[in-house]
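From first to last, the protein sequence lines are chains A and B. According to the UniProt record's numbering, the first sequence holds residues 1 to 281 in order. According to the UniProt record's numbering, the second sequence holds residues 1 to 281 in order. Where is the CB? At the ideal position from N, CA and C, for every residue including glycine. All of these numbers come straight from a predicted model, not from anything done at the bench. Heads up, the thing below is written out as structure tokens.
Protein chains: 2
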Amino acid sequence: MRVLAMLDGTLADPGAPHIRVDDLGLTRGDGVFETVLVVDGQPRELGPHLARLSRSAAMLELPAPDLAAWERLVGIVIGAWTEPGEMAVKLVYTRGPEYSGGGPTGYAIGLPIGGRAVRNRTSGVTAVTLERGFDPAVVERAPWLLLGAKTLSYAVNMAAMRHAEKLGVDEVIFVGDDGTVLEGPTSTVVVASGGTLRTPPPSSGVLPGTTQGALFRAAERAGWSTKVEPLRADELATADGLFVVSSVRKVTRVHTLDGAALPDATELGTALNALYEAEYR
Amino acid sequence: MRVLAMLDGTLADPGAPHIRVDDLGLTRGDGVFETVLVVDGQPRELGPHLARLSRSAAMLELPAPDLAAWERLVGIVIGAWTEPGEMAVKLVYTRGPEYSGGGPTGYAIGLPIGGRAVRNRTSGVTAVTLERGFDPAVVERAPWLLLGAKTLSYAVNMAAMRHAEKLGVDEVIFVGDDGTVLEGPTSTVVVASGGTLRTPPPSSGVLPGTTQGALFRAAERAGWSTKVEPLRADELATADGLFVVSSVRKVTRVHTLDGAALPDATELGTALNALYEAEYR
């Protein structure tokens, strides 16, 4: 099933047209989004998701989103969802129609979680490193590049995923021109080594991960060290465990990188997922 | 006025919703576009525009567009346009709704040309060079970066234009990490020096310009040399003339770059525009 609620709180038919052809979200990819995991009716990390929506909107100089209205919207979608188990709520916020003067477009859509994503959480995935084509040093100098904003301009992210699919690989890990790890097209990269979890910093032009944040919070309480710092690409293969992390993936283990098997991190993955899940009990 | 025709050839109300909330053009910037100038009912460079639409679609692995259908669509929009003078027809082609299995979305919309763009053709413009954050050497290595495809993922292009606006500047000229000139967010860069017109090559990750192509064709017949080759950023200020070129801009002279006045290219601009216009008489 799918459930759609427009920003004014009205439920609408997700199969009907609701967007104008001149919406700048469509014609210019000029908008931002979030995907929130919902388990048994409870949205996870909603505060961090809404905070990131605000930060992304600010980077695009969109009107500040009314977070209370967005929170209500998530509740409306969840309330109309009738299937058990997990779902995702996608929030989309655009600059709105170019020729109406009517202001931004906003909606939330409830979606099922894809079967492959669920299976991958258990089986683990293969991944390939791909160049992202920028040097993290540019991030601070050039805010117009919007590095670190979760925008609707995801054509490159989608093209990278198609490229991986042609290679027969499940996931992409982007690498910067300086040889440091960035992120996946729709995930955060986390490595575990000797009791420490590490992830690349937002100053490298990556999104601060909401699920990664929850995992680190849980891990710290369980005695892990955590570091948000640059990570060299050549460290990925030698870590105790490599993970791609997102709302939908949770903590998904990478078992093969660039065609080579990684150290077996099955137990480590199970342990980290248990920590993450314990955040919501 | 605005005129909208959907890809099946039906005219529709441009102020009504026609796009689903799960259209991948909207949620992922996953689509391509073109903007065609129409003068007195005649579309300019329609063949090159449609060829570029095809190339962009191929880079995104979209289904090959039916160019005869798109050409008809442009004719339908022009036929329904009742105002004299110039207009633009924007073609938008997306991967379509994520959850329908119904295939791509396509439409053409007829729009008036903005007064500022028309005035700038005569007055000339100020411009600022901004980093685009990639090295042109990556273009061939990393096709998933879609450099040189005219995609809907234009959030960075729009952010760069907003950045210029805050600086009180009209136009942006993007520069690569290797110090070569790339393009504007929605324009092609052309310099004139000693009887030669130059523009950066597609291998640098820029769009091949349709208006630049027409200008070069016309200039070659009038005895100019033309070169499509890398152009160093430090050559912009010393050229006889610097121009930003697009369907809507035609050949617009840059009179001030990064705050410094450039050599007066008023006459040169008039001459080049006359050459360009002569292509359509």
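Starting from residue 108(B), trace the beta strand (DSSP E) both ways and give me its first and last residue.
105-111 is the span of the beta strand (DSSP E), which, as asked, contains residue 108(B).
Tell me which residue opens and which closes the alpha helix (DSSP H) that residue 59(A) is part of.
Its alpha helix (DSSP H) spans residues 46-59.
CA-CA distance, residue 105(A) and residue 182(A)?
Distance between the alpha carbons of residue 105(A) and residue 182(A): 30 Å.
For residue 98(B), tell me which candidate among 21(B), 92(B), 69(B) has the shortest Cα-Cα distance.
Checked all of 21(B), 92(B), 69(B); the closest Cα to residue 98(B) is 21(B).
Grab me the residues of residue 35(A)'s own chain with a C-beta within less than 6 Å of its C-beta, minus the 5 sequence neighbours each way, in chain order.
Excluding sequence neighbours, residue 35(A) sits near 88, 90, 247.
Who does residue 93(B) pair with in a DSSP beta bridge?
BP columns for residue 93(B) point to 32(B), 106(B).
Secondary structure at residue 282(B), three-state DSSP: helix, strand or coil?
Since the first residue of chain B shown is 1 and the last is 281, residue 282(B) is not available in this structure.
Which residues of chain A have a Cβ atom closer than 7 Å to the Cβ of residue 114(B), listed in chain order?
Within chain A, no residue comes near residue 114(B); the closest Cβ sits about 11 Å away, beyond 7 Å.
Hey, is residue 9(B)'s beta-carbon within less than 8 Å of any beta-carbon in chain A?
It does not: the Cβ of residue 9(B) has no partner Cβ on chain A nearer than 8 Å.
Quick one, are the C-beta atoms of residue 17(A) and residue 17(B) less than 8 Å apart?
Yes.
Residue 250(A) bridges to which residues according to DSSP?
In DSSP, residue 250(A) forms a bridge with 246(A).
Short of 6 Å in beta carbon distance, which residues of its chain neighbour residue 205(A), apart from the five on each side in sequence? Order them along the chain.
Taken in chain order, the residues that qualify are 136, 139, 147, 148.
Output needed for residue 81(B): all residues of its chain with C-beta closer than 6 Å, excluding positions within five of it in sequence on either side, in chain order.
Closer than 6 Å at Cβ, skipping near neighbours: 3, 87, 110.
Report back the beta-carbon spacing between residue 231(A) and residue 198(A) to the nearest angstrom; my notes put them in contact at under 8 Å.
Their Cβ separation, rounded to whole angstroms, is 6 Å, which keeps residue 231(A) and residue 198(A) in contact under 8 Å.
Of the residues 102(A), 150(A), 172(A), 165(A), which one's Cα is nearest the Cα of residue 131(A)?
Ranking the options by Cα distance to residue 131(A), first place goes to 172(A).
Could you tell me which chain A residues have their CB closer than 8 Å to the CB of residue 19(B), listed as they occur along the chain?
Ordered by position in chain A, the residues that pass the 8 Å Cβ test against residue 19(B) are 17, 18, 19, 20, 21, 23, 26.
Going along the stretch 106-136 of chain B in order, which residues come within less than 9 Å of chain D, judged by CB to CB distance?
Checking the listed chains, one finds no chain D in this structure; the protein chains it contains are A and B.
Using a cut-off of 7 Å between C-beta atoms, extract the partners of residue 61(A) located in chain B.
By Cβ distance, chain B contributes 162.
By the DSSP assignment, the alpha helix (DSSP H) with residue 19(A) in it spans what residues?
Careful: residue 19(A) lies outside any alpha helix (DSSP H) and carries neither H nor E.
Select from 266(B), 39(B), 43(B) the residue whose C-alpha is nearest the C-alpha of residue 75(B).
Among 266(B), 39(B), 43(B), the Cα nearest to that of residue 75(B) belongs to 43(B).
Specify the secondary structure class of residue 200(B) as computed by DSSP and reduced to three states.
Note: residue 200(B) maps to coil in three-state DSSP.
Sorry if obvious, but does the Cβ on residue 154(A) come closer than 7 Å to a heavy atom of the ligand COA?
This structure lacks the ligand COA; in fact it carries no ligand of any kind.
Report, in whole angstroms, the separation of the C-beta atoms of residue 229(B) and residue 201(B), which I expect to be a contact under 8 Å.
That belief holds up - the Cβ atoms of residue 229(B) and residue 201(B) are roughly 6 Å apart, short of 8 Å.
Where does residue 153(B) land, buried or exposed, given buried means 16+ other C-beta within 10 angstroms?
Buried is the call here.
Check the Cβ of residue 14(A) against every Cβ in chain B and list those closer than 9 Å, keeping chain order.
Per Cβ cutoff of 9 Å: 20, 21, 22, 99.
Enumerate, from N- to C-terminal direction, the unbroken beta strand (DSSP E) stretches of 3 or more residues contained entirely within the stretch 220-245 of chain A.
Correct list: 225-228.
Leaving out five residues on either side along the sequence, give the residues of the same chain with a beta carbon under 6 Å from the beta carbon of residue 275(A).
Taken in chain order, the residues that qualify are 218, 219, 222.
Taking all protein chains shown into account, do 16 or more other C-beta atoms lie within 10 angstroms of the C-beta of residue 253(A), making it buried, or fewer, making it exposed?
So residue 253(A) ends up on the buried side.
Helix or strand or just coil, what does DSSP make of residue 206(B)?
Looking at residue 206(B) - three-state DSSP - the assignment turns out to be coil, as it is neither helix nor strand.
With distances taken between CB atoms, is the gap from residue 150(A) to residue 62(A) smaller than 8 Å?
No, these two residues do not count as a Cβ contact at 8 Å.
Mind checking whether residue 234(B) and residue 265(B) have CB atoms under 8 Å apart?
The answer is no: Cβ separation not under 8 Å.
By a C-beta neighbour count over all protein chains shown, 10 Å radius and 16 as the cutoff for buried, is residue 11(A) buried or exposed?
With fewer than 16 other Cβ atoms within 10 Å, it is exposed.
Against chain B, which members of the stretch 145-179 of chain A pass a CB distance test of less than 8 Å?
Hits within the stretch, in order: 145, 146, 147, 149, 151, 152, 153, 154, 155, 156, 157, 158, 159, 160, 162, 163, 177.
Taking 8 Å as the CB-CB cut-off, is residue 37(A) touching chain B?
Chain B contact via Cβ: absent.
Given that a residue counts as buried once 16 or more other Cβ atoms are within 10 Å of its Cβ, and exposed if not, what is residue 68(A)?
Flag for residue 68(A) reads exposed.
By the 10 Å Cβ neighbour count, where 16 or more other Cβ atoms means buried, how is residue 161(B) classified, buried or exposed?
Looking at its Cβ environment, which holds 16 or more other Cβ atoms inside 10 Å, residue 161(B) is buried.
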